[in-house]
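As structure tokens, the structure follows; a few thoughts come after it.
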Amino acid sequence: MKIFSSSLGPIYSGDVRDGLKKVIDDHQPLSVFIICDENTARCCVPKIEYLVDNPRIIVTKSGEQNKNLETCKYIWSALIEKGADRDSIILNVGGGVVCDMGGFAAACFQRGIRFGHIPTTLLSMSDASIGGKLGVDYKGFKNYIGLIQNPSFIWIDPSFLETLPPLEITSGMAEIVKHAIIGSQPLWDIVSGVKTINELNWAEIFEENIAVKVKIVESDLREQGLRKVLNFGHTIGHALESFYLASRNPVTHGQCVAIGMLTESRIAVSMGLLNSADFESITQVISRLLSPEVVSLPGVEMVLPWIGGDKKKSKGRVGFSLPDKIGSCGWDIPVEENAIIESFEWVRAQVKSVPFR
Ligand SMILES: NC(=O)c1ccc[n+]([C@@H]2O[C@H](COP(=O)([O-])OP(=O)(O)OC[C@H]3O[C@@H](n4cnc5c(N)ncnc54)[C@H](O)[C@@H]3O)[C@@H](O)[C@H]2O)c1
Numbered sequence: 001m002k003i004f005s006s007s008l009g010p011i012y013s014g015d016v017r018d019g020l021k022k023v024i025d026d027h028q029p030l031s032v033f034i035i036c037d038e039n040t041a042r043c044c045v046p047k048i049e050y051l052v053d054n055p056r057i058i059v060t061k062s063g064e065q066n067k068n069l070e071t072c073k074y075i076w077s078a079l080i081e082k083g084a085d086r087d088s089i090i091l092n093v094g095g096g097v098v099c100d101m102g103g104f105a106a107a108c109f110q111r112g113i114r115f116g117h118i119p120t121t122l123l124s125m126s127d128a129s130i131g132g133k134l135g136v137d138y139k140g141f142k143n144y145i146g147l148i149q150n151p152s153f154i155w156i157d158p159s160f161l162e163t164l165p166p167l168e169i170t171s172g173m174a175e176i177v178k179h180a181i182i183g184s185q186p187l188w189d190i191v192s193g194v195k196t197i198n199e200l201n202w203a204e205i206f207e208e209n210i211a212v213k214v215k216i217v218e219s220d221l222r223e224q225g226l227r228k229v230l231n232f233g234h235t236i237g238h239a240l241e242s243f244y245l246a247s248r249n250p251v252t253h254g255q256c257v258a259i260g261m262l263t264e265s266r267i268a269v270s271m272g273l274l275n276s277a278d279f280e281s282i283t284q285v286i287s288r289l290l291s292p293e294v295v296s297l298p299g300v301e302m303v304l305p306w307i308g309g310d311k312k313k314s315k316g317r318v319g320f321s322l323p324d325k326i327g328s329c330g331w332d333i334p335v336e337e338n339a340i341i342e343s344f345e346w347v348r349a350q351v352k353s354v355p356f357r
């Protein structure tokens, strides 16, 4: 087991059998709750529950469409029925949906009880569990209701990836690629240096990936400046994700972010911020992550209205985070609507010709 210490709280990585029990016991909880969904209840909780005395398990329905206040109400009712109080601790065992929503439910319950994240998808190990953003979707808009609070600890056990469907692996890679583009040439060298995901060494990736995310969040927890670079790919990505959710055809967050990064990189080129050689290698790496889920993207007119609703709006306008080279990114950049339209349509035409595996 390895520990990454930071002001965001300890991040442990390694097999949960190698120390998770002690980490939980050190918090001296009077009761331990596990929040999971039906998939992680089956694939991941069995590896954890026996480490805990009398775990009280709350199973939610999986999927972005269930990341909402209704599910929070279900969690809060279950916490009351099963006797949770301020001396309890909640373990969020799942992907980004469970971590975001379980953390939010914990942070609001009785004005806040302790929680730890045990992320089980690549996306939640590399991104969603780190940085304290908690919340749920509301009226179709992504993460509209929420708050920022760091968990008591995070435990990353890559062995949970063994049961993760391949689509979820490629989707999770999107956030790792994002971290490389916005802040780490060494991470970029790793992700661009392989032809297939199977060649990657997770321990090596997580070490560099955690370092990038933690450094950015530590310097700007409340997202007043630098942290906005983490939104690269998300202004378009969230708009696309909201569109798909509203059309009752959810597409994974990571796939939407991948399309968002392609579009926003193209915008950066059209504004003279990013050079075409970097854009070419970004396009190559991201194209390898795309799945047939996004083969036929909606027309830009279907996506534009959701961009206006993105909560990253400030003083009435949407500021984009755009890379200026690999490893470096600006933020709060105003973008003309024409550049969004042209770039999205370019990406829409490109993905039709991606040779999906
Ligand atoms: N808080 C943040 O900073 C942040 C950052 C990025 C993304 N997010 C959020 O994360 C969410 C997406 O997270 P996600 O991609 O992990 O999706 P997810 O939580 O929906 O998980 C994807 C699917 O994998 C299943 N699953 C999870 N672990 C498994 C395992 N080990 N084996 C088999 N199946 C497993 C889940 O049940 C689900 O069906 C979005 O809601 C997004 O907004 C948050």
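Position one of the sequence shown corresponds to residue 1 (UniProt numbering), numbered consecutively onward.
Beta carbons: idealized from backbone N, C-alpha and C, even for Gly.
Everything numeric in this text was worked out from a predicted model, so none of it was measured.
Original post:
Bridge partners of F115, per DSSP?
Top reply: In the DSSP output, where bridge partners are listed per residue, F115 has I90.
**OP:** Would you kindly work out how many angstroms separate the C-alpha atoms of V303 and N249, rounded to a whole number?
**Re:** Going from the Cα of V303 to the Cα of N249 covers about 14 Å.
Original post:
According to DSSP, is R56 helix, strand or coil?
Top reply: Of the three classes helix, strand and coil, the one that applies to R56 here is strand, per DSSP.
**OP:** Starting from the C-beta of R357, find all residues in its chain whose C-beta is less than 8 Å away, skip the five residues before and the five after it, and write them out in chain order.
**Re:** In this prediction, R357 has a pLDDT of 45, which is less than 50 and means its spatial position is unreliable; what the coordinates show is noted afterwards. Nothing meets the Cβ criterion.
**OP:** Let me know the alpha helix (DSSP H) ranges lying completely inside the region 252 to 315, each 4 residues or longer, listed in chain order.
**Re:** Complete alpha helix (DSSP H) runs here, min 4: 253 to 270, 276 to 287, 300 to 308.
Subject >> Three-state secondary structure assigned by DSSP to F232 >> reply: Looking at F232 - three-state DSSP - the assignment turns out to be coil, as it is neither helix nor strand.
Original post:
Is any heavy atom of ligand 1 found at a distance shorter than 6 Å from the C-beta of S124?
Top reply: Yes - ligand 1 has a heavy atom lying nearer than 6 Å to the Cβ of S124.
Original post:
Does the beta-carbon of K142 have 16 or more other beta-carbons within 10 angstroms, so that it is buried, or is it exposed?
Top reply: Buried is the call here.
Original post:
Can you tell me whether S247 is buried or exposed, with buried defined as 16 or more other CB within 10 angstroms of its CB?
Top reply: It is exposed - the Cβ of S247 has fewer than 16 other Cβ atoms within 10 Å.
Original post:
Closer than 6 Å: is that where the CB of T60 sits relative to any heavy atom of ligand 1?
Top reply: Not under cutoff, so the answer is no.
**OP:** Determine the closest residue to S126 out of G19, D220, N209, G237, with distance taken between C-alpha atoms.
**Re:** Selected option, being the one with the closest Cα: N209.
**OP:** Examine ligand 1 and report whether any of its heavy atoms sits within less than 6 Å of the Cβ of C108.
**Re:** Ligand 1 has no heavy atom closer than 6 Å to the beta-carbon of C108.
Subject >> Distance cut-off 6 Å: G237 Cβ against heavy atoms of ligand 3 >> reply: With respect to ligand 3, the structure offers nothing, as its ligand set consists of ligand 1.
Original post:
To which residues does DSSP link K325 through a beta bridge?
Top reply: The partner list for K325 (beta bridge, DSSP) reads S328.
**OP:** Report the three-state DSSP secondary structure of R357 (helix, strand or coil).
**Re:** Low confidence applies to R357: its pLDDT is 45, below 50, so where it sits in the model is not reliable, and the reading given next is rough at best. Three-state result, R357: coil.
Original post:
Is A349 helix, strand or coil when you go by DSSP?
Top reply: Reduced to three states, the DSSP call for A349 is helix.
Original post:
Among residues of its own chain, excluding the 5 on either side of D220, which ones have a beta-carbon nearer than 7 Å to its beta-carbon?
Top reply: The beta carbon of D220 sits closer than 7 Å to those of L226, R227, all from its chain and outside the five residues before and after it, given in chain order.
Original post:
Can you give, in chain order, each stretch of the alpha helix (DSSP H) that sits fully within the region 168 to 222 and has at least 4 residues?
Top reply: If we require 4 residues or more, the alpha helix (DSSP H) runs fully inside the region 168 to 222 come out as 185 to 192, 202 to 219.
Original post:
Taking Cβ positions, are S343 and R266 nearer each other than 7 Å?
Top reply: Their beta carbons are under 7 Å apart, which means S343 touches R266 by this criterion.
Subject >> Close beta carbons around G146, own chain, < 6 Å, minus the five adjacent residues each side >> reply: The residues are F104, L134, G135.
Original post:
Given V347, which residues of its chain have a CB within under 8 Å of its CB, disregarding the five upstream and five downstream residues?
Top reply: Hits under 8 Å: I259, L262, T263, R266, L297.
Original post:
Do A128 and ligand 1 come close, with the Cβ less than 6 Å from some heavy atom?
Top reply: A heavy atom of ligand 1 is found nearer than 6 Å to the CB of A128.
Original post:
For D137, which of helix, strand or coil comes out of DSSP?
Top reply: Look at D137 here: in three-state DSSP terms it is strand.
**OP:** Please report how far the alpha carbon of P305 lies from the alpha carbon of T235, in whole angstroms.
**Re:** Note on geometry: alpha-carbon atoms of P305 and T235 lie some 12 Å from one another.
Original post:
Does any residue of chain C bring its CB to less than 7 Å from the CB of G102?
Top reply: The structure shown has no chain C; it contains just one protein chain.
Original post:
Using DSSP with H/G/I as helix, E/B as strand and the rest coil, what is N66?
Top reply: Helix, per DSSP.
Original post:
If you draw a straight line from the C-alpha of I282 to the C-alpha of D25, how long is it?
Top reply: I282 and D25: Cα-Cα distance of roughly 44 Å.
**OP:** For the alpha helix (DSSP H) holding K21, just list the boundary residues, first then last.
**Re:** First-last of the alpha helix (DSSP H) with K21: 20 to 26.
**OP:** Identify the continuous beta strand (DSSP E) that holds C44 and give its terminal residues.
**Re:** Where C44 is concerned, there is no enclosing beta strand (DSSP E), given that its DSSP letter is neither H nor E.
Subject >> C-alpha distance - G352 paired with G233, whole-angstrom precision >> reply: The identity of residue 352 in the sequence shown is Lys, whereas the question assumes Gly. Rounded to the nearest angstrom, the two C-alpha atoms are 19 Å apart.
Original post:
Any heavy atom of ligand 1 closer than 6 Å to the Cβ of E64?
Top reply: Distances from the CB of E64 to the heavy atoms of ligand 1 include at least one below 6 Å.
Original post:
How would you call S13, buried or exposed, if buried means at least 16 neighbouring beta carbons within 10 angstroms?
Top reply: By the neighbour-count rule (16 or more Cβ atoms within 10 Å), S13 is buried.
Subject >> K61, DSSP secondary structure in three states >> reply: K61 carries a coil assignment under DSSP once its states are collapsed to helix, strand and coil.
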